[in-house]
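For the sequence shown, UniProt numbering begins at 1 and goes up steadily by one. From the three backbone atoms N, C-alpha and C, an ideal C-beta is built for every residue, glycine too.
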Amino acid sequence: MISDALSLDPLVVGVILGMAAVTVLTKVGGIWIVRRFELSDRLEAGLNVLPGAIVIAVLGPELVNGGPAEWGAAVVVLVVMWRTESILLALCAGVLSVVGFRALL
Numbered sequence: 001m002i003s004d005a006l007s008l009d010p011l012v013v014g015v016i017l018g019m020a021a022v023t024v025l026t027k028v029g030g031i032w033i034v035r036r037f038e039l040s041d042r043l044e045a046g047l048n049v050l051p052g053a054i055v056i057a058v059l060g061p062e063l064v065n066g067g068p069a070e071w072g073a074a075v076v077v078l079v080v081m082w083r084t085e086s087i088l089l090a091l092c093a094g095v096l097s098v099v100g101f102r103a104l105l
């Protein structure tokens, strides 16, 4: 039945809501802590590049172990980032590119 396929397990919903709450509390808590202290220019510069470093740490191993589709998507990401300087746009282009390249190759 369709209703069975669309039903939600209360445990799964609870886990998702719990993870969302922890994520929000972590972000809000981090912002609260950072605002209470005077940051040095060096620390502030480090915090500014942290999102990019996390993306590289997560996606780097995938690229090393990847094939032509992943490497082609990496080139697309580099070009989009170079032209737009938008991390979000580059990531979206990379995801779409790797899906497209995997379908073609």
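Query	Result
In the DSSP assignment, find the unbroken alpha helix (DSSP H) run with Ser86 in it and report its ends.	Segment: none, Ser86 is in no alpha helix (DSSP H) and carries neither H nor E.
Using a Cβ distance threshold of 8 Å, determine whether the region 50 to 64 contacts the region 28 to 37, with at least three qualifying pairs required.	no
Touch check for the region 36 to 51 and the region 73 to 84: three-plus C-beta pairs under 8 Å?	no
When you compare the CB positions of Val98 and Ala69, do they come within less than 8 Å of one another, or not?	yes
From what residue to what residue does the alpha helix (DSSP H) around Asp9 run?	It is not in any alpha helix (DSSP H) - Asp9 carries neither H nor E in the DSSP assignment.
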